[in-house]
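Here the structure comes first, spelled out in structure tokens, and everything after it is commentary.
Numbering (my numbering), first residue to last: 16 to 450.
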């Protein structure tokens, strides 16, 4: 491969164009074919027996191109890219974005790499920012809520001698029979079931109500029509039950015994004071982080200059991906979330884009400060960070180095150091919520 051109289509953006000859594309495609031929099943041939021409006739002449292009780009482009960056004195502030421009059998292929370059910002102010750290008061209700959660967590199962009622937790052995024969997944030993929870199929938990520990009996139920196991859906079955025990959850009282058990303290007053301090510490940490963010926002406001559009776009895409992942964890789609908060997609994405631009501006300002104040991480700093990663991952240093993005680590460490420096040279005033 070769570097065709280096352009700056806009300020602080570099675009490199690379090309590969038809011969290079052909050789790389053949290497991909040899590597992957065993995985292809083509009509009229046993798996792995079809030759390249037969595979391409069935799947298309492009079948091996894209893996071949990736192989060539991975092998040749990094050295070409690094040499061009060094020759032009460019400093990247993000990883390059690669695009395939064209690919033809008799022409080879053309690809581009677009990368954001460090902009020269006019930092009108880098120190002396001020922010308030307003820590909300801890209420008695918040303390009570924590204690109630601890009570629930400390609950014990105590045997109940009477008949089983809703809310009891029972342990049972059961065997399910479909047309008189056991079925897959229908048998369990010492299974815990909370009566009234609705976790078992309809009628199962209700069939246990009124029975006592030690009893053996049968429950007749019908699986729901939409049950996930098709062979059981809508079918009547019988469960043979052995009720091992019936238990109630006994929640401890809030007294000195409870304080001793959960916190090794002598009185409830001491426990409440401890919980209050823990809640205060958490709120203060959140308020302090908010104050630090305010200082960095002021730094962004004090910076003048154009940002690379590709950097803002990348930051925006990253923030949108994080939002989507958080919503997926809550089993929410973006559209449903927006309907819940009564916001249009246009206004929401505009806010995210504004946030992305602020984040990018803060990072660029901090990178510039890191260079101005000699806060750029040393090789020793990077080695320590890599060693810590290796220890956490229980891998060798060489394995971690191979998989780590060292330039990104260096940028991020510089940003972190500069952020600490700006905050240290600013003022954060602690205030109570009602002060």
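Note that beta-carbon positions come from the ideal geometry of N, C-alpha and C, so glycine has one too.
Judged by pairs of C-beta atoms under 8 Å, the segment 264-277 does not touch the segment 196-206, as fewer than three such pairs exist. Relative to the Cα of residue 425, the nearest Cα in the group 136, 239, 107, 155 belongs to 107. Within the segment 347-424, the complete alpha helix (DSSP H) segments of 4 residues or longer fall at 349-355, 360-387, 394-408, 412-418, listed in chain order. The segment 247-258 makes no contact with the segment 160-178; the number of CB pairs closer than 8 Å stays below 3. Residue 256 holds the alpha-carbon nearest to the alpha-carbon of residue 223 among 256, 244, 297.
For the segment 298-331, not one full-length beta strand (DSSP E) segment reaches 3 residues or more. For residue 230, no beta strand (DSSP E) run applies, since DSSP gives it neither H nor E.
Assignment of residue 69 by DSSP, reduced to helix, strand and coil, places it in the helix class. The beta carbons of residue 444 and residue 147 sit closer together than 8 Å. Boundaries for residue 114: no alpha helix (DSSP H) harbours it, while the beta strand (DSSP E) harbouring it runs 112-119, taken from the DSSP string. Following the DSSP letters along the chain, one finds residue 189 in no alpha helix (DSSP H) but inside the beta strand (DSSP E) bounded by residues 184-193. Under the three-state reduction of DSSP, residue 38 is assigned to helix. DSSP places residue 133 outside both helix and strand once states are collapsed to three, so it counts as coil. Within its own chain, the residues whose Cβ lies closer than 8 Å to the Cβ of residue 448, once the five positions on either side in sequence are excluded, are 149, 150, 151, 152, listed in chain order. Contact between residue 142 and residue 378 does not hold, since their C-beta atoms are separated by about 18 Å, which reaches or exceeds 8 Å. By the Cβ rule, the segment 81-100 does not count as touching the segment 292-311, because fewer than three pairs are nearer than 8 Å. Here DSSP, grouped into helix, strand and coil, assigns residue 76 to coil. Here residue 279 is exposed: its Cβ has fewer than 16 other Cβ atoms, across all protein chains shown, within 10 Å. For residue 43 and residue 346, the gap between their C-alpha atoms comes out near 43 Å. Distances from the CA of residue 368 to each of 50, 332, 423 were compared; the closest alpha carbon is that of 332. Looking at the backbone, the Cα of residue 395 and that of residue 242 are separated by about 60 Å. Around the Cβ of residue 78, a 10 Å sphere holds 16 or more other Cβ atoms; the residue is buried.
Secondary structure note for residue 221: it is in no beta strand (DSSP E), and the uninterrupted alpha helix (DSSP H) holding it is 219-223.
Residue 403 counts as exposed, since fewer than 16 other beta carbons sit within 10 angstroms of its beta carbon. Between residue 166 and residue 269, the C-beta spacing is below 8 Å. Nearest in C-alpha terms to residue 31, of all of 197, 365, 125, 45, is 125.
Non-local beta-carbon contacts of residue 80 in its own chain, meaning distances under 8 Å to residues more than five positions away in sequence, involve 40, 44, 118, 124 in chain order.
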